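**Q** By our numbering, the letter at position 55 of the sequence shown is numbered 238, and the numbering carries on one by one without gaps.
Here a beta-carbon is modelled for each residue, glycine too, at the ideal position from N, C-alpha and C.
Values in this document were obtained by computation on a predicted structure and should not be read as measured data.
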Amino acid sequence: MKKIYYLKTCDTCRRILKEMDITNYILQEIKTEPITVKQLDELFSLTKSYEVLFSRRAKKYKQMDLKNQNLTEKDYRQLILDEYTFLKRPVIINENEVFVGSNKKKVV
184 MKKIYYLKTC
194 DTCRRILKEM
204 DITNYILQEI
214 KTEPITVKQL
224 DELFSLTKSY
234 EVLFSRRAKK
244 YKQMDLKNQN
254 LTEKDYRQLI
264 LDEYTFLKRP
274 VIINENEVFV
284 GSNKKKVV
């Protein structure tokens with residue numbers, strides 16, 4: 184499967200999508216079509232960690248004072264399911280490989 188989870192209002196996502204050939208990819212805009220439990224668990228099977236998929240740059244991370252909490256994998260999973268901004272983006276699945284975030288070396 185080739186799929187990209189992204190946010191259309193995210194400048195970084197737009198830049199990366201513009202630089203890539205996305206012809207054979209399924210695009211899922213996570214604000215209008217939130218990630219499902221099944222989809223998140225599939226990402227976990229590829230990354231072996233919900234923490235890797237979690238964005239600490241989200242505004243709610245500071246608002247909820249999550250920095251000062253000892254979060255578990257279960258907590259990261261639930262936070263991502265509860266609030267789309269906690270999914271680090273873009274998440275690009277290319278068959279059995281997954282690229283999370285905006286590290287140019289891993290994306291291009």
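Where do the ends of the beta strand (DSSP E) carrying residue 280 lie?
**A** Here residue 280 corresponds to residue number 97 of the sequence shown, with the count starting at 1. Here the beta strand (DSSP E) through residue 280 covers 280–283.
**Q** For the segment 241–250 against the segment 199–206, are there 3 or more C-beta pairs whose distance is under 8 angstroms?
**A** At 8 angstroms Cβ cutoff, the stretches do not touch.
**Q** Going by DSSP, which residues form a beta bridge with residue 185?
**A** Locating residue 185 in the sequence shown gives position 2, where the first residue counts as 1. Partner(s): 277.
**Q** What separation, rounded to the nearest whole angstrom, lies between the Cα atoms of residue 191 and residue 265?
**A** Here residue 191 is taken as the residue at index 8 of the sequence shown, counted from 1. Here residue 265 is taken as the residue at index 82 of the sequence shown, counted from 1. Taking the straight line from one Cα to the other gives about 19 angstroms.
**Q** Rounded to the nearest angstrom, what separates residue 212 and residue 257 at their Cα positions?
**A** As a working mapping, residue 212 is identified with position 29 in the sequence shown. As a working mapping, residue 257 is identified with position 74 in the sequence shown. For residue 212 and residue 257, the distance between alpha carbons rounds to 24 angstroms.
**Q** How is the alpha helix (DSSP H) around residue 256 delimited, first residue to last?
**A** Position 73 of the sequence shown, counted from the first residue, corresponds to residue 256. Per DSSP, residue 256 belongs to the alpha helix (DSSP H) from 256–265.
**Q** Who are the near neighbours of residue 217 in its chain, counting only those whose CB is closer than 6 angstroms to its CB and skipping five residues on each side?
**A** By 1-based counting over the sequence shown, the position of residue 217 is 34. Cβ neighbours of residue 217 beyond the five flanking positions: 267.
**Q** Closer than 7 angstroms by C-beta to residue 277: which residues in its own chain qualify, once you throw out the five before and the five after it? Chain order, please.
**A** Residue numbering aside, residue 277 sits at position 94 when the sequence shown is read from its first letter. Cβ neighbours of residue 277 beyond the five flanking positions: 185.
**Q** Can you check DSSP and say which residues form a bridge with residue 292?
**A** The chain is shown only over 184 to 291; residue 292 falls outside these bounds and no answer can be derived.
**Q** Near residue 208, which residues of its chain fall below 7 angstroms by C-beta distance, leaving aside the five closest residues on each side in sequence?
**A** Stepping through the sequence shown from its first residue, residue 208 is reached at position 25. The residues are 185, 186 and 187.
**Q** Please report how far the alpha carbon of residue 233 lies from the alpha carbon of residue 214, in whole angstroms.
**A** Counting from 1 along the sequence shown, the entry for residue 233 is found at position 50. Counting from 1 along the sequence shown, the entry for residue 214 is found at position 31. If I take the Cα positions, the gap works out to 19 angstroms.
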